[in-house]
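Visitor: At position 137 of the sequence shown the residue is numbered 205 (my numbering), and the sequence of numbers has no breaks.
Ideal Cβ positions, reconstructed from N, Cα and C, are used throughout, including at glycine.
Being a predicted model, the structure only gives us computed values, none of them experimental.
I am attaching a structure below and will ask some questions about it afterwards.
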Amino acid sequence: MLEIERKFLVKSECYKEQISGKYKIVQGYLSVATDRSVRIRLCKDKGFLTIKGANSENGRSRFEWEKEISLNEARALMSLCLPNKIEKIRHCIKFGKHLFEVDQFSGKNTGLTIAEIELKSEDEAFEKPEWLGKEVTAEKKYYNSQLCQKPYLEW
């Protein structure tokens, strides 16, 4: 269960012309230790419990385990989460042979838009759309688990 992904800032709203789907995500964190995080996510009328391990040195890969839980369980666990829950609209964009997920944050992270791409290997090549900006894969302040502790509007 190795997750391999890269993260980029989004430099323009041109991505909105290519959206194939979108949905709201709310997530809270039960734990944000440096070597692991435990989160609860509400998404598309479903609940999820996710555990992530420490990132590799370059930030591109880490252990991830996710399990769907009932919406009622997720809502109950959300009440135990740390303050500053993450709220975002996720836009799905097919570009080349890959799917980009563009997260437009709201709440205390308003103004931040990050694109993620999941890959099969750390060195997998992919086409970069024109709206893709600076890579922030290894910059911890852009991790959702960090954004709940120090939101974008407080930088």
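Alpha helix (DSSP H) containing SER213: first to last residue?
Guide: Note, SER213: alpha helix (DSSP H), 212-215.
Visitor: Check whether the Cβ atoms of ARG104 and GLY121 lie closer than 8 Å to each other.
Guide: Against a cut-off of 8 Å, the Cβ pair of GLY121 and ARG104 comes out as a contact.
Visitor: Can the beta-carbon of LEU221 be found closer than 8 Å to that of ASN177?
Guide: Yes; because the gap between Cβ atoms is below 8 Å, this pair is in contact.
Visitor: Pull up the distance between the alpha-carbon of HIS30 and that of ASN140, whole angstroms please.
Guide: Missing from the structure shown is residue 30; the chain here goes from 69 to 223 and no further.
Visitor: Spatial neighbours of LEU167 within its chain, please: C-beta separation below 8 Å, excluding the five flanking residues on both sides.
Guide: Closer than 8 Å at the Cβ level, and outside the excluded window around LEU167, lie CYS160, ILE161, ILE185, GLU186.
Visitor: When burial is assigned at 16 or more other CB atoms within 10 Å of the CB, is THR181 buried or exposed?
Guide: That one is buried.
Visitor: How would you label TRP199, buried or exposed, when you count the other beta carbons within 10 angstroms and need 16 or more for buried?
Guide: By the neighbour-count rule (16 or more Cβ atoms within 10 Å), TRP199 is buried.
Visitor: For the beta strand (DSSP E) that contains ALA101, what are its first and last residues?
Guide: 89-101 is the extent of the beta strand (DSSP E) around ALA101.
Visitor: So LYS75 and VAL170 are supposed to be a Cβ contact under 8 Å. How far apart are they, rounded?
Guide: Actually they do not touch by this definition, with Cβ atoms about 11 Å apart.
Visitor: Can you give the Cα-Cα distance for LEU117 and GLU132, rounded to whole angstroms?
Guide: Their backbone Cα atoms lie some 11 Å apart in a straight line.
Visitor: Among the residues of its own chain, which have a CB less than 7 Å from the CB of LYS114, if the five just before and after it don't count?
Guide: Excluding positions up to five away in sequence, the list reads GLU136, LEU139.
Visitor: Return the CA-CA distance between GLN172 and ALA206, expressed in angstroms with no decimal places.
Guide: So the alpha carbons of these two residues sit roughly 19 Å apart.
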